[in-house]
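**Student:** Before anything else, here's the structure in question.
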């Protein structure tokens, strides 16, 4: 884009530039900045890159003075070349502060090696364009890899915290989630209940019907438990056929209510093997409540284990509390 109020200068610029560029470039000349700006926006909107502007600051209006500043907002990579005539320090400062100047050259095109400057500008512009394209490729690759790593980390986190068979918390994740609950409930003197749940005669199910049926039984019970407990409760599978539930802010009668609800829900499940033979599922449940003397979650769990032992030794399919 060549902008100058002199038609003679524009004709000479068009002639000189046209002799050295190939068919990939088109030379446009303008006698006013308004036309140049509007046409440049059309070219940009059509996906064309503007390699360079060559202009004189021999215009009179404020719009003329702001031409490069307004143009830069839409085409920041264009090389802007100014004729040194009519330039002053203030004009240069305004342009540099709000846009860019690639070169300032004399207007005497016979003395200045104009053709070499044009070729050099084309070379620099193409190098910078290829560099930006390469940077975009690298950024896309980095962003893609970052997303992949984020997805992998999420999957690893799920694998590290989830029981692969049932989809509920595994042993480590369950106790990690319980740890901050206990000191909070002690400090605020809030009730905190704990349940240990064990499938009755599970070994017989495995021995009689096979481990795949046993796995299905575990999955069904885990699903049933997850439909009973609240969102604020913590549910996990902590052993082969053993589950645990932590019930923060729940009094003893509420804990026992949940325990019996679990026991009855399991007792009423309809579970069959591949031949459609019904298999009875029962669970024993041990319950305990937080005491101020408890030092960690193990104290609470150990009492629930004692209660579970009592339930097992007294006929199974029942709830006991210690």
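In our numbering, the protein residues as written are 1 to 322. Using N, Cα and C, we set each Cβ at its ideal position, and we do this for glycine too. Predicted, not measured: the structure shown is a model, and the values here were computed from it.
(1) Cβ of residue 282 within 8 Å of Cβ of residue 295?
(2) Count the other C-beta atoms from every protein chain shown that fall within 10 angstroms of the C-beta of residue 45, then say buried if there are 16 or more, exposed otherwise.
(3) If you scan the stretch 70 to 156 from start to end, which runs of the alpha helix (DSSP H) of 4 or more residues do you find wholly inside it?
(4) How should residue 33 be labelled, buried or exposed, when 16 other C-beta atoms within 10 angstroms of its C-beta is the threshold for buried?
(5) Give the single residue among 182, 188, 66, 214 whose Cα lies nearest to the Cα of residue 200.
(6) In chain order, what are the residue ranges of uninterrupted alpha helix (DSSP H) at least 4 long that sit wholly in the stretch 193 to 259?
(7) Considering only DSSP beta bridges, list what residue 47 is partnered with.
(8) Are residue 235 and residue 225 closer than 8 Å when you measure CB to CB?
(9) With distance defined between alpha-carbon atoms, name the residue in 27, 205, 171 nearest to residue 278.
(10) So residue 321 packs on residue 256, CB below 8 Å; how close in whole Å?
(11) Comparing C-alpha positions only, which one of 172, 2, 147 sits nearest to residue 79?
(12) How many Å lie between residue 137 and residue 147 at the Cα?
(13) From the DSSP output, in three-state form, read off residue 169 for me.
(14) Between the Cα of residue 306 and those of 196, 150, 111, spot the shortest distance and give me the residue it belongs to.
(15) Measuring CA to CA, which of 218, 245, 311 is closest to residue 178?
(16) Does any residue of chain C bring its CB to less than 8 Å from the CB of residue 9?
(17) Count the other CB atoms within 10 Å of the CB of residue 248; is the residue buried (16 or more) or exposed (fewer)?
(18) Go ahead and pull the three-state DSSP assignment for residue 1.
(19) Measuring only the C-alpha atoms, how far is residue 254 from residue 293?
(20) Relative to the C-alpha of residue 272, which residue among 232, 308, 209 is closest?
(21) Considering residue 21, what are the terminal residues of the beta strand (DSSP E) in which it resides?
(22) When you compare each of 169, 242, 155 to residue 233 by their alpha carbons, which one comes out closest?
(23) Use the C-beta contact count for residue 93: other C-beta atoms within 10 angstroms, 16 or more gives buried, fewer gives exposed.
(24) What residues in its chain sit with their C-beta under 6 Å from that of residue 95, if we drop five residues either side in the sequence?
(25) When the Cα atoms are used, what is the spatial distance from residue 52 to residue 151?
(26) Tell whether a beta-carbon distance below 8 Å holds between residue 37 and residue 71.
(27) For residue 250, count neighbouring Cβ atoms within 10 angstroms of its own Cβ and tell me buried if that reaches 16, exposed if not.
(28) Determine the contact status of residue 50 and residue 82, defining contact as a CB-CB distance below 8 Å.
(29) Can you name the residues that DSSP bridges to residue 26?
(30) By DSSP, does residue 40 sit in helix, in strand, or in coil?
**Tutor:** Taking the definition as stated:
(1) Taking the first residue of the chain shown as position 1, residue 282 is located at position 282. Taking the first residue of the chain shown as position 1, residue 295 is located at position 295. If you check the CB distance, residue 282 and residue 295 do not come in under 8 Å.
(2) Reading the chain shown from its first residue, position 45 is the one you call residue 45. Exposed, because fewer than 16 other Cβ atoms sit within 10 Å of the Cβ of residue 45.
(3) Within the stretch 70 to 156, the complete alpha helix (DSSP H) runs of at least 4 residues are 89 to 98.
(4) If you number the chain shown from 1, residue 33 lands on position 33. Using a 10 angstroms sphere on the CB of residue 33, the tally of other CB atoms reaches 16 or more, which defines it as buried.
(5) Translated into positions along the chain shown, residue 200 becomes position 200. Nearest of 182, 188, 66, 214 to residue 200, Cα basis: 214.
(6) The qualifying runs are 202 to 209, 211 to 228.
(7) Reading the chain shown from its first residue, position 47 is the one you call residue 47. According to DSSP, residue 47 bridges with nothing at all.
(8) Within the chain shown, the letter at position 235 stands for residue 235. Within the chain shown, the letter at position 225 stands for residue 225. Taking 8 Å as the Cβ cut-off, residue 235 and residue 225 qualify as a contacting pair.
(9) By 1-based counting over the chain shown, the position of residue 278 is 278. Residue 278 has its Cα closest to that of 205, out of 27, 205, 171.
(10) On the chain shown, residue 321 is found 321 positions in, with the first residue counted as 1. On the chain shown, residue 256 is found 256 positions in, with the first residue counted as 1. Contact check for residue 321 and residue 256: beta-carbon distance about 6 Å, within the 8 Å limit, so the pair qualifies.
(11) As a working mapping, residue 79 is identified with position 79 in the chain shown. Taking residue 79 as reference, the option from 172, 2, 147 with the minimal CA-CA separation is 2.
(12) Reading the chain shown from its first residue, position 137 is the one you call residue 137. Reading the chain shown from its first residue, position 147 is the one you call residue 147. Spanning the two alpha carbons is a distance of roughly 15 Å.
(13) In the chain shown, residue 169 corresponds to position 169, counting from 1. Reduced to three states, the DSSP call for residue 169 is strand.
(14) Counting from one through the chain shown, the residue named residue 306 turns up at place 306. Each of 196, 150, 111 was checked against the Cα of residue 306, and the nearest Cα belongs to 196.
(15) Translated into the one-based positions of the chain shown, residue 178 becomes position 178. Residue 178 has its Cα closest to that of 245, out of 218, 245, 311.
(16) Looking for chain C here will not work: only one protein chain is present.
(17) Numbered from 1 along the chain shown, position 248 holds the residue referred to as residue 248. Here residue 248 is buried, its C-beta having at least 16 other C-beta atoms within 10 Å.
(18) In the chain shown, counting from the first residue as 1, residue 1 sits at position 1. In the structure shown, residue 1 sits in coil (DSSP, three-state: anything other than H, G, I, E or B).
(19) Position 254 of the chain shown, counted from the first residue, corresponds to residue 254. Position 293 of the chain shown, counted from the first residue, corresponds to residue 293. Straight-line measurement puts the Cα of residue 293 at about 22 Å from the Cα of residue 254.
(20) Translated into positions along the chain shown, residue 272 becomes position 272. Of 232, 308, 209, the residue nearest in Cα terms is 209.
(21) Residue numbering aside, residue 21 sits at position 21 when the chain shown is read from its first letter. Segment: none, residue 21 is in no beta strand (DSSP E) and carries neither H nor E.
(22) Your numbering for residue 233 matches position 233 in the chain shown. Relative to the Cα of residue 233, the nearest Cα in the group 169, 242, 155 belongs to 169.
(23) For the purposes of this step, residue 93 is taken as the residue at position 93 of the chain shown. In the assembly as shown, residue 93 is an exposed residue. Its beta-carbon has fewer than 16 other beta-carbons within 10 Å.
(24) As a first step, residue 95 must be located in the chain shown, where it is residue number 95. Apart from the 5 residues on each side of it in sequence, residue 95 sits with its Cβ closer than 6 Å to the Cβ of 68, 101 in its chain, given in chain order.
(25) For the purposes of this step, residue 52 is taken as the residue at position 52 of the chain shown. For the purposes of this step, residue 151 is taken as the residue at position 151 of the chain shown. Between the alpha carbons of residue 52 and residue 151 lies a gap of roughly 44 Å.
(26) The sequence position of residue 37 within the chain shown is 37, counting from 1. The sequence position of residue 71 within the chain shown is 71, counting from 1. Residue 37 places its beta carbon less than 8 Å from that of residue 71.
(27) By one-based count along the chain shown, residue 250 stands at place 250. Around the CB of residue 250, 16 or more other CB atoms lie within 10 Å, so the residue is classed as buried.
(28) Sequence index remark: in the chain shown, residue 50 carries index 50 (1-based). Sequence index remark: in the chain shown, residue 82 carries index 82 (1-based). Not in contact: residue 50 and residue 82 (Cβ atoms no closer than 8 Å).
(29) Taking the chain shown and counting its residues from 1, one reaches residue 26 at position 26. Beta-bridge annotation (DSSP): residue 26 is not paired with any residue.
(30) Taking the chain shown and counting its residues from 1, one reaches residue 40 at position 40. Helix at residue 40.
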